[in-house]
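Let me begin by presenting the structure, written as structure tokens, before commenting on it.
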Amino acid sequence: MAGPFIHLSGVNKVYRTRGEEFLAISEATFDVDVGELVSLVGPSGCGKTTLLKVIAGLHPYDGGELRIGSQTHPFDPSRDIGMVFQQPLLLKWRRIVDNVLLPAEILGLPMAESRERARDLLTLVGLAGNENKYPYELSGGMQQRAAIARALIHDPKLILMDEPFGALDALTREKMNLELLHIWREARKTILFVTHGISEAVFLGTRVVVLTASPARMADNFQVDLPHPRTLDIKTHEVFGQYTRRIYRLLGME
Amino acid sequence: MAGNRDAIQRYALAVLSHLLLVAAWHFFVVLGDVPAFVMPSPAATLRSLSIPNYRWFENSAATAIEIFGGYALAVVLGVGTALLFSWWRWLEMLAMPLLVSLNMIPKVALGPLFIVWFAYGIGPNILMAFAICFFPIVLTTARGLSEVEPDLLDLVRTLKGSRWQIFAKIQLPGALPYIFSGMKVAAILAVAGAIVGEFLGSDKGLGYLMLQVQVTLDTAAMFMAVILITLIGVALYGLVLALERLLVVRDARLQ
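Just so you know, the sequences run in chain order U and L.
Per the numbering used here, the first sequence starts with residue 66, numbered consecutively.
Per the numbering used here, the second sequence starts with residue -12, numbered consecutively.
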């Protein structure tokens, strides 16, 4: 191994509003290996979304070290990030396949190949046959699947997901969790997954990073030793319960 | 097809309400024995079309040119202005407050000035129609261009997309529904603007004709002129609606 894919060490982020300073991220320190699916879990206000945006290069940070890419896996910040948000944010006036193609268009990738790839990805996320529909013709869960396909179209090495299933109903959410694990295994991407769902964080993550709010602080970072492929019944396992209890305790909810 | 039958039913009902209005008008005049100079019957109104002196076609054409001309000018310049604003923020900060102030001028009050500057005729009336519908188009277009999801901008930024790409792929198509909602409001205003212009001073047009026949108390011709003005407005509005259907995906349309 030539070092971790993502390396954070003592990363801080300070917000200044009306002369006051407050620390949105404090001393974030963790590594992510290639191919990991790391959950960032914490209550609102813990800076998890901010951290994701710092890693995406959208916000500057104040001190500390942030490095993405390794010798074996070089990282190009302009084309190796795929993003998924809480809302699908599909363009209403584009058909699903053309929505998926948006990043390819922006990067100027060859269109014929990308179009083929878009079809494959839509099959991967379970939307085969919906290529030519408009977003309003799909349910919220299906729209989010399209958003995931869009994040994968330019074959980025890193997928950043910001509470992507937060707006879905509980059952759809569970289903999407399973789907995401399937997509992750097939696409072989490194994924950072921000959530405030504790059981979701444990169920999805190969590793969980726990952040607490006021003061914003990184509270824990542990490996989740549950076998893959995971199915919903691991949620009833003793080990699963131990992990979730560990997080509840850190968040002061026990 | 159930949807098809629904549509036919909707159109049938729409036509019916118009016919009912004409019928009510007819019976009101006939049964109420209303004098023709107060309110002519529908038939009498239609008959006024046969008076060659009134030059219906020429006058209708003049009014239509004023309405469509002023409107087209307002759409092109209004959308263009809003685009410039979204491109250069400082320009918007400089010019938008001025536009808001200028918009408070009652455009009708400018009519006599337009006549002093440009003499009688179609020109000043086009200008009046333009003046009255320019601002709503600027406002709605500017609003539409500024309504972009911040997360969507982040997505483009992670791909190092250019400002032009954001504009062409996200901002402009996203603003189209707003542009059309402004265009619909403006279509109604443009008709009013052109007619007011003709009232204030003109030598042709349906508004001009109305003032002429008012003197001779030919109320039927006045009714006919109003109907023709309305029909021109309907044609413009219909054109805008058709264009909207063509360009804006159903779900994105503003109601």
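We put the beta carbon where it would ideally sit given N, CA and C, even for glycine.
If contact is defined by three or more beta carbon pairs under 8 Å, each pair taking one atom from either stretch, is the stretch 173 to 187 of chain L in contact with the stretch 29 to 40 of chain L? A contact is defined here as three or more CB-CB pairs under 8 Å, and the stretch 29 to 40 of chain L fails this definition with respect to the stretch 173 to 187 of chain L.
What is the DSSP secondary structure of F230 of chain U, reduced to helix, strand or coil? As a first step, residue 230 of chain U is located in the first sequence; it is residue number 165 there, counting from the start. Three-state DSSP puts F230 of chain U in coil, outside helix and strand.
Within chain L, partners of Y199 of chain U - CB distance below 7 Å: Translated into positions along the first sequence, residue 199 of chain U becomes position 134. Within 7 Å Cβ-Cβ: V236 and D238.
List the residues of chain U that L92 of chain L touches, going by C-beta distances under 7 Å, in chain order. Stepping through the second sequence from its first residue, residue 92 of chain L is reached at position 105. Looking at the sequence shown, residue 92 of chain L is not Leu but Ile. Taking a Cβ-Cβ threshold of 7 Å, none of the residues of chain U is close to I92 of chain L; the smallest such distance is about 37 Å.
Return no unless some Cβ of chain L is closer than 8 Å to the Cβ of S143 of chain U. Residue mapping note: residue 143 of chain U aligns to position 78 of the first sequence, counting from 1. Yes, because at least one Cβ of chain L sits closer than 8 Å to the Cβ of S143 of chain U.
Please list the segments of the alpha helix (DSSP H) lying wholly inside the stretch 64 to 149 of chain L, counting only runs of 4 or more residues, in order along the chain. Listed in chain order, they are 76 to 90, 98 to 105, 109 to 133 and 137 to 145.
Check distances from the C-beta atoms of the stretch 113 to 139 of chain L to those of chain U and list, in chain order, the residues that come in under 7 Å. For the stretch 113 to 139 of chain L, which is checked against every Cβ of chain U, the residues closer than 7 Å are E136, D138 and L139.
Taking Cβ-Cβ distances shorter than 8 Å, what residues in chain L pair up with I133 of chain U? Taking the first sequence and counting its residues from 1, the one referred to as residue 133 of chain U is at position 68. Close partners of I133 of chain U in chain L (Cβ separation under 8 Å) are lacking, with about 12 Å as the shortest Cβ gap.
Could you give the C-beta distance for L196 of chain L and G98 of chain L, rounded to a whole number, given that I count them as a contact under 8 Å? Within the second sequence, numbered from 1, the residue matching residue 196 of chain L stands at position 209. Within the second sequence, numbered from 1, the residue matching residue 98 of chain L stands at position 111. With a Cβ gap of about 18 Å, L196 of chain L and G98 of chain L do not count as contacting.
When you compare the CB of F150 of chain U with every CB in chain L, is at least one pair closer than 8 Å? Taking the first sequence and counting its residues from 1, the one referred to as residue 150 of chain U is at position 85. So, interface residue.
Just by C-beta distance, which residues in the stretch 177 to 201 of chain U are closer than 8 Å to chain L? From the stretch 177 to 201 of chain U, only Y199, P200 and Y201 have a Cβ closer than 8 Å to chain L.
Using a Cβ-Cβ cut-off of 6 Å (strictly less than) and excluding sequence neighbours within five positions of L129 of chain L, which residues of its own chain qualify? As a first step, residue 129 of chain L must be located in the second sequence, where it is residue number 142. The sequence shown places Ala at residue 129 of chain L, not Leu. A69 and F72.
What do you get for M241 of chain U, buried or exposed, if any count of 16 or more other CB atoms within 10 angstroms of its CB means buried? On the first sequence, position 176 is the one that residue 241 of chain U refers to. Counting every other CB atom within 10 Å of its CB across the protein chains shown gives M241 of chain U a total of 16 or more, marking it as buried.
Which of helix, strand or coil does DSSP assign to Q152 of chain L? Position 165 of the second sequence holds residue 152 of chain L. Of the three classes helix, strand and coil, the one that applies to Q152 of chain L here is helix, per DSSP.
According to DSSP, residues forming a beta bridge with Y80 of chain U: Sequence index remark: in the first sequence, residue 80 of chain U carries index 15 (1-based). Per the DSSP secondary-structure output, Y80 of chain U pairs in a beta bridge with U:F87.
Contact residues within the stretch 157 to 187 of chain L, judged by C-beta distance below 8 Å to chain U: Residues of the stretch 157 to 187 of chain L with a C-beta atom less than 8 Å from some C-beta of chain U are I157, P160, G161 and L163, listed in chain order.
Less than 8 Å separating the beta-carbons of F150 of chain U and P200 of chain U? For the purposes of this step, residue 150 of chain U is taken as the residue at position 85 of the first sequence. For the purposes of this step, residue 200 of chain U is taken as the residue at position 135 of the first sequence. No, the pair does not count as a contact, with Cβ atoms beyond the cut-off.
Among residues of its own chain, excluding the 5 on either side of V304 of chain U, which ones have a beta-carbon nearer than 8 Å to its beta-carbon? Here the question's residue 304 of chain U lines up with position 239 in the first sequence. Cβ neighbours of V304 of chain U beyond the five flanking positions: D290 and L291.
How would you write the range of the beta strand (DSSP E) that A284 of chain U sits in, first residue to last? Here the question's residue 284 of chain U lines up with position 219 in the first sequence. Its beta strand (DSSP E) spans residues R282 to Q288.
Check whether the Cβ of R76 of chain L lies closer than 8 Å to any Cβ atom in chain U. Position 89 of the second sequence holds residue 76 of chain L. Under the Cβ distance rule, R76 of chain L does not count among the residues neighbouring chain U, no pair being separated by less than 8 Å.
Closer than 8 Å by C-beta to I312 of chain U: which residues in its own chain qualify, once you throw out the five before and the five after it? Chain order, please. Taking the first sequence and counting its residues from 1, one reaches residue 312 of chain U at position 247. For I312 of chain U, where only same-chain residues beyond five positions count, the Cβ hits under 8 Å are V106, I263, A266, V267, V273, V275 and D285.
Own chain, CB closer than 8 Å to V21 of chain L, minus 5 neighbours either side, in chain order: In the second sequence, counting from the first residue as 1, residue 21 of chain L sits at position 34. So the qualifying residues of the chain are F15.
In chain U, what lies closer than 7 Å to G148 of chain L by C-beta? Translated into positions along the second sequence, residue 148 of chain L becomes position 161. Near G148 of chain L (Cβ distances below 7 Å), the residues of chain U are I171.
Of the choices L:Y107, L:F122 and L:N112, whose alpha-carbon is the least far from that of L85 of chain L? To locate residue 85 of chain L, count along the second sequence from 1; it is residue 98. Ranking L:Y107, L:F122 and L:N112 by Cα distance to L85 of chain L puts L:F122 first.
Nearest chain U C-beta to V143 of chain L closer than 8 Å, yes or no? Counted from its first residue, the second sequence places residue 143 of chain L at position 156. Chain U, which has a Cβ nearer than 8 Å to the Cβ of V143 of chain L, makes this yes.
Mind listing, in chain order, the continuous alpha helix (DSSP H) runs of no fewer than 4 residues lying wholly within the stretch 182 to 217 of chain L? Taking only runs of at least 4 residues, the alpha helix (DSSP H) segments lying wholly in the stretch 182 to 217 of chain L are 193 to 202.
Between the CA atoms of R184 of chain U and R232 of chain L - distance to the nearest angstrom: Position 245 of the second sequence holds residue 232 of chain L. Position 119 of the first sequence holds residue 184 of chain U. Cα-Cα distance, rounded: 28 Å.
Please report the Cβ distance between T217 of chain L and Y165 of chain L, rounded to the nearest whole angstrom; I am assuming they are in contact, meaning their Cβ atoms lie under 8 Å. In the second sequence, counting from the first residue as 1, residue 217 of chain L sits at position 230. In the second sequence, counting from the first residue as 1, residue 165 of chain L sits at position 178. With a Cβ gap of about 27 Å, T217 of chain L and Y165 of chain L do not count as contacting.
Assuming V79 of chain U and E86 of chain U make a contact with CB atoms under 8 Å, what is their CB distance in whole Å? Working through the first sequence from its first residue, we reach residue 79 of chain U at position 14. Working through the first sequence from its first residue, we reach residue 86 of chain U at position 21. Confirmed, Cβ separation roughly 5 Å.
Using a Cβ-Cβ cut-off of 8 Å (strictly less than) and excluding sequence neighbours within five positions of Y107 of chain L, which residues of its own chain qualify? The sequence position of residue 107 of chain L within the second sequence is 120, counting from 1. Excluding sequence neighbours, Y107 of chain L sits near G188, S189 and D190.
Give me the chain U residues within the contact set of Q152 of chain L, using Cβ-Cβ distance strictly less than 7 Å, ordered along the chain. Mapped onto the second sequence, residue 152 of chain L falls at position 165. Result: I171.
Among all the DSSP beta bridges, which residues are the ones paired with S104 of chain U? As a first step, residue 104 of chain U must be located in the first sequence, where it is residue number 39. U:F258 and U:V273.
So, P108 of chain U versus H261 of chain U, is the Cβ gap smaller than 8 Å? Along the first sequence, one-based indexing puts residue 108 of chain U at 43. Along the first sequence, one-based indexing puts residue 261 of chain U at 196. With contacts defined by Cβ atoms closer than 8 Å, P108 of chain U and H261 of chain U form a contacting pair.
List, in order along the chain, the chain L residues whose C-beta lies closer than 8 Å to that of A121 of chain U? Taking the first sequence and counting its residues from 1, one reaches residue 121 of chain U at position 56. Residues of chain L with a Cβ closer than 8 Å to the Cβ of A121 of chain U are, in chain order, D141 and T145.
Spatial distance of V227 of chain L from R132 of chain U (CA atoms): For this step, residue 227 of chain L is matched to residue 240 along the second sequence. For this step, residue 132 of chain U is matched to residue 67 along the first sequence. Rounded to whole angstroms, V227 of chain L and R132 of chain U show a C-alpha spacing of 54 Å.
Please report how far the alpha carbon of P139 of chain U lies from the alpha carbon of P125 of chain U, in whole angstroms. Numbered from 1 along the first sequence, position 74 holds the residue referred to as residue 139 of chain U. Numbered from 1 along the first sequence, position 60 holds the residue referred to as residue 125 of chain U. Taking the straight line joining both Cα atoms gives about 21 Å.
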